[in-house]
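Note that this note's numbering has the sequence shown beginning at 490, numbered continuously upward.
Beta carbons: idealized from backbone N, C-alpha and C, even for Gly.
This report refers to the structure that appears directly beneath it.
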Amino acid sequence: MKERFEVLFLDQAIEFVEKLDSKTRNKIFYNIDKAKLINDPKLFKKLEGEIWEFRTKFKGLQYRLFAFWDKTGKTDTLIISTHGIVKKVSKVPKSEIEKAEKIRVDYFNFKTRK
490 MKERFEVLFL
500 DQAIEFVEKL
510 DSKTRNKIFY
520 NIDKAKLIND
530 PKLFKKLEGE
540 IWEFRTKFKG
550 LQYRLFAFWD
560 KTGKTDTLII
570 STHGIVKKVS
580 KVPKSEIEKA
590 EKIRVDYFNF
600 KTRK
């Protein structure tokens, strides 16, 4: 099966994942790898605007890695993961979506200056 996209992790996403124990980290990467192959909103879902989330439920906790699409390069299948949280309430906090959107804007501003 062909992967539908590639994932690039920005510093804050890497820092979030590195703080997790190895079993949790492995489960998150397993779900991301699975989302690359199949379209399943339980694994990868659009939140609002241009912001998406990778979703993992493990040992009763909800992990979210925020992301957006970068369709400006050689491939239109690159997803940039901005940062992550352990979700503690039913709705994704608006402040986290806004943070991901700010990172997205900064990313494209930096990319167009290069």
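Can you tell me which residues form a DSSP beta bridge with residue i?
i, result
"L450", "Residue 450 lies beyond the range of the chain shown here (490 to 603); nothing can be said about it."
"D559", "L567"
"F518", "Answer by DSSP bridge pairing: none, since F518 is not bridged."
"E495", "L567"
Since residue i and residue j should fall inside the 8 Å C-beta cutoff, what is the C-beta to C-beta distance between them, to a whole number of angstroms?
i, j, result
"K523", "L532", "6 Å"
"I592", "T571", "4 Å"
"R493", "L526", "7 Å"
"E495", "G538", "Not confirmed; about 22 Å, so no contact."
"T545", "I503", "So it is not a contact: roughly 16 Å between Cβ atoms."
"L499", "L567", "L499 to L567, Cβ: 12 Å. No contact."
Could you give the distance in angstroms between the alpha-carbon of residue i and the alpha-carbon of residue j?
i, j, result
"S579", "G562", "35 Å"
"F557", "G549", "26 Å"
"K600", "Q551", "32 Å"
"I574", "R602", "30 Å"
"S584", "V594", "15 Å"
"D559", "Y596", "10 Å"
"K512", "V506", "11 Å"
"Q501", "R514", "15 Å"
"P530", "N598", "29 Å"
Name the residue from the options whose alpha carbon lies nearest to the alpha carbon of residue i.
i, options, result
"V581", "R602, K560, L554 and N598", "L554"
"F547", "N520, N598, R493 and E504", "N520"
"M490", "R514, K577, Y596 and N528", "N528"
According to DSSP, is residue i helix, strand or coil?
i, result
"V578", "coil"
"L536", "strand"
"K591", "helix"
"L526", "helix"
"D500", "helix"
Does the ligand SAM have even one heavy atom less than 7 Å from the beta-carbon of residue i?
i, result
"K560", "Looking at this structure, you won't find the ligand SAM or any other ligand, since it has none at all."
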